[in-house]
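S.K.: Just passing along the structure, written as structure tokens.
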Amino acid sequence: MAVHQPNILLVYTGGTIGMMKDPETGALKSFDFKNLLNNIPELKLLDCHIETISFDEPIDSSNMNVSYWVNIAEIIETHYNEFDGFVVLHGSDTMSYTASAISFMFENLSKPIIFTGSQLPIGDLRTDAKENLITSIQMASLQKGGKPVIREVGLYFEYKLYRGNRTTKINAEHFEAFASMNYPHLAESGVHLKVQHDDLFKPNLRRKLVVHKQFDTDIILIKLFPGISQSLLAPLFELSHIKGIVIETYGAGNTTTAVWLVDLLKQTIKRGIPIVNVTQCAGGSVQMGQYETSTQLKAIGVISGKDITTEAALAKMMFMLGENVASKTFKTIFETALRGEMS
Ligand code: ASP
């Protein structure tokens with residue numbers, strides 16, 4: 001009996017990975033993904049069947065927005081039953097935001113969606129693109145008993161597969177461009193692919209896939225700094241159409257105890273606007289109440305982002321507002337891990 005070769009759909013959205021140097025002019029230009037298999041013959045050696053879909057106009061990921069998130073989700077949704085796994089090629093700059101958003105969009109996901117990209121174009125001699133692409137396809141193809149091993153949104157870069165909504169871009173230059181400070185990597189590529197089975201997301205396989213496509217972008221992110229101005233901050237919080245606020249605080253979720261700030265937060269929460277506390281630190285968790293400087297935040301109903309990344313907190317807030325989660329339950333739901341995005 002013929003062994004089933006996994007079907008993998010490669011979705012090209014843009015970014016450095018898809019560029020090639022024009023041998024005549026030396027300029028970088030977008031690569032024709034229809035000819036992917038001819039240009040990267042190594043892909044023919046993989047034990048899977050690959051098809052590709054490209055954005056009509058590939059983008060630099062700095063131009064990523066909610067409608068592109070929906071485009072990516074709809075491509076995957078349309079082809080969900082025909083393929084065993086999906087690899088999304090995406091610029092690295094905002095890859096963590098998109099991977100987080102897609103993780104919230106796909107409820108009860110039971111197949112891998114692996115994001116990858118590269119620091120150097122695929123046509124560059126020293127490129128990291130080939131390894132990232134080939135291993136991402138292998139990760140998406142991993143099967144056990146005819147079923148995908150990875151059933152979540154991952155991000156693969158420089159020999160490691162991470163949970164996408166746990167990642168942050170930490171380096172604009174190194175091949176090791178991403179980190180997942182608060183959650184272990186899911187798999188590592190060395191001589192063998194080593195999967196950390198205990199750390200993989202375990203979806204409820206009896207539930208049907210639901211794809212959510214509404215996001216509300218009327219939110220702001222405020223990074224606190226010593227000296228932050230009351231007169232500049234207050235009007236932002238008081239905007240009539242603001243729906244949610246993420247504040248990046250110090251250490252374990254601390255802010256100044258200045259009365260004006262605590263009052264501003266309190267009045268905003270009273271208006272039914274959720275405020276989520278995430279830490280400015282690269283790793284670790286918000287623990288409101290640990291210091292005097294966060295006790296009041298807890299008392300006035302600030303939501304704890306725990307150890308979520310800022311990228312995932314913003315995506316989760318836009319997603320939950322888009323889903324019209326009632327303000328009564330917003331805090332409880334935000335503080336619950338929906339897709340493994342917090343501990
Ligand atoms: N600016 C590019 C982008 O994010 C960088 C990259 O592809 O890594 O689209």
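Be aware that the sequence shown starts at 1, since it is given in the numbering used here, and climbs by one per residue.
Backbone N, C-alpha and C fix where the C-beta goes; we use that ideal spot for every residue, glycine too.
This one's a predicted model, so the numbers in the text were calculated from it and none came from an experiment.
Going by Cα to Cα distance, which pick from Leu200, Thr249, Leu236 and Leu232 is closest to Leu224?
M.R.: The option with the nearest alpha carbon to Leu224 is Thr249.
S.K.: Does the distance between the C-beta of Thr94 and the nearest non-hydrogen atom of the ligand ASP fall short of 7 Å?
M.R.: Yes - the ligand ASP has a heavy atom lying nearer than 7 Å to the Cβ of Thr94.
S.K.: Let me confirm a value: Pro226 is counted as buried when at least 16 other C-beta atoms fall within 10 Å, else exposed. Which label applies?
M.R.: It counts as exposed.
S.K.: From which residue to which residue does the beta strand (DSSP E) around Asn277 run?
M.R.: Per DSSP, Asn277 belongs to the beta strand (DSSP E) from Ile275 to Thr279.
S.K.: What are the boundary residues of the beta strand (DSSP E) that includes Tyr156?
M.R.: Val153 to Phe157 is the extent of the beta strand (DSSP E) around Tyr156.
S.K.: Indicate whether the contact test is met: 3 or more Cβ pairs, each with one atom in the region 20-34 and one in the region 110-124, closer than 8 Å.
M.R.: Touching, yes.
S.K.: With hydrogens ignored, establish whether the beta-carbon of Asp124 is closer than 7 Å to any heavy atom of the ligand ASP.
M.R.: Flag unset: Cβ of Asp124 not near the ligand ASP.
S.K.: Return the residue from the list Pro41, Gln119 and Leu133 that minimises the CA-CA distance to Leu10.
M.R.: Out of Pro41, Gln119 and Leu133, Leu133 has the C-alpha closest to the C-alpha of Leu10.
S.K.: Put Asp198 into one of helix, strand or coil per three-state DSSP.
M.R.: Looking at Asp198 - three-state DSSP - the assignment turns out to be helix.
S.K.: By the 10 Å Cβ neighbour count, where 16 or more other Cβ atoms means buried, how is Glu42 classified, buried or exposed?
M.R.: Result: exposed.
S.K.: For Lys169, does the three-state DSSP call read helix, strand or coil?
M.R.: If DSSP states are grouped into helix, strand and coil, Lys169 belongs with the strands.
S.K.: I need the boundaries of the alpha helix (DSSP H) containing Pro235, first residue and last residue.
M.R.: Counting along the chain, the alpha helix (DSSP H) containing Pro235 begins and ends at Gln230 to Phe237.
S.K.: Tell me which same chain residues have a C-beta within less than 8 Å of the C-beta of Gly130, skipping the five on either side of it?
M.R.: The question names Gly, but residue 130 is Lys in the sequence shown. Result list for Lys130: Ile40, Glu42 and Ile122, in chain order.
S.K.: Indicate the three-state DSSP secondary structure (helix, strand or coil) for Ala140 in the structure shown.
M.R.: Of the three classes helix, strand and coil, the one that applies to Ala140 here is helix, per DSSP.
S.K.: Buried or exposed: where does His4 fall if 16 or more other Cβ atoms within 10 Å of its Cβ makes it buried?
M.R.: Label assigned to His4: exposed.
S.K.: Is the closest heavy atom of the ligand ASP to the C-beta of Ser54 under 7 Å?
M.R.: Ser54 Cβ: outside cutoff for every heavy atom of the ligand ASP.
S.K.: Among residues of its own chain, excluding the 5 on either side of Ser285, which ones have a beta-carbon nearer than 6 Å to its beta-carbon?
M.R.: Here the set comprises Lys306 and Asp307.
S.K.: Assuming the contact rule is C-beta atoms closer than 8 Å, Phe178 and Leu155 should be a hit. Round their C-beta distance to whole Å, please.
M.R.: Sure, about 6 Å apart at Cβ, within 8 Å.
S.K.: Going by Cα to Cα distance, which pick from Tyr12, Asn7, Ser343 and Ile8 is closest to Met181?
M.R.: Measuring from the Cα of Met181, the nearest candidate turns out to be Ser343.
S.K.: Taking Cβ positions, are Ile219 and Val246 nearer each other than 8 Å?
M.R.: Yes, the pair counts as a contact, with Cβ atoms nearer than the cut-off.
S.K.: If you count every other CB in all the chains shown that lies within 10 Å of the CB of Gln138, and 16 or more means buried, which is it?
M.R.: With 16 or more other Cβ atoms within 10 Å, it is buried.
S.K.: In the DSSP assignment, what are the bridge partners of Pro148?
M.R.: Answer is Gln143.
S.K.: Would you kindly check if the distance between the Cβ of Ile269 and the Cβ of Ile300 is under 8 Å?
M.R.: Contact: yes.
S.K.: Look up Ser30 in the DSSP assignment and say whether it is helix, strand or coil.
M.R.: In this structure, Ser30 counts as strand in the three-state DSSP scheme.
S.K.: If you reduce the DSSP assignment to three classes, tell me which class Pro23 lands in.
M.R.: Pro23: coil per DSSP, three-state reduction.
S.K.: Give the secondary structure of Ala179 by DSSP, where H, G and I count as helix, E and B as strand, and everything else as coil.
M.R.: Three-state result, Ala179: strand.
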